[in-house]
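Below you'll find the structure, written out as structure tokens, and then a few comments.
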């Protein structure tokens, strides 16, 4: 199973906090320059997933509204090799797979990082099957209002959002 963890910028030029230069004298070393000399980067882990289900277009857009410089996403491969944005190798906690009777027989046990894990695994589903599922909040203490409103996002779709969002912000595509 391919399990890629990729950090990439989906959106360029987002409206984060104002940049502030590091005071002079602090960076006088001629041997080594820091990665950046401005404010820290704001990296949205799986989008803005406190209110919205993680790894969805809505969570990514909300992260941009909140000033994220980067969106960190997890990428998994489906049975037919399509890349999707999804955190876990199992679908149980963040999707409605358990509500789909047609997938009841797909529950499997695999060894994951040295442990036996039982559930519905992304690798056992085609992209079309995955797109029939709806995403939900994984934690009960988070807002459940948006459960079932979004489908699983493909990597291609998430990258297309980058261009759409950059146009909305008035930036040109490269």
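In the UniProt record's numbering, the protein residues as written are 1 to 174. The beta-carbon is built from N, C-alpha and C at its ideal position, and this holds for glycine as well. Predicted model only: the values in this text are computed from it and were never measured.
Give a yes or no on contact between the segment 118-132 and the segment 98-108, applying the rule of three or more CB pairs nearer than 8 Å.
yes
Report the three-state DSSP secondary structure of residue 52 (helix, strand or coil).
coil
With a CB to CB cut of under 8 Å and the five nearest residues on each side skipped, what residues in its chain are close to residue 100?
132 and 133
Can you tell me whether residue 126 is buried or exposed? The criterion is at least 16 other CB atoms within 10 Å of its CB, across all chains shown.
exposed
What does the alpha-carbon distance come out to for the pair residue 79 and residue 56?
20 Å
Outcome for residue 154 when other beta-carbon atoms lying within 10 angstroms are tallied against a minimum of 16
buried
According to DSSP, residues forming a beta bridge with residue 103:
Answer is none; residue 103 lacks a bridge partner.
Once you ignore the five residues that flank residue 145 on each side, which residues in its own chain have a CB closer than 7 Å to its CB?
none
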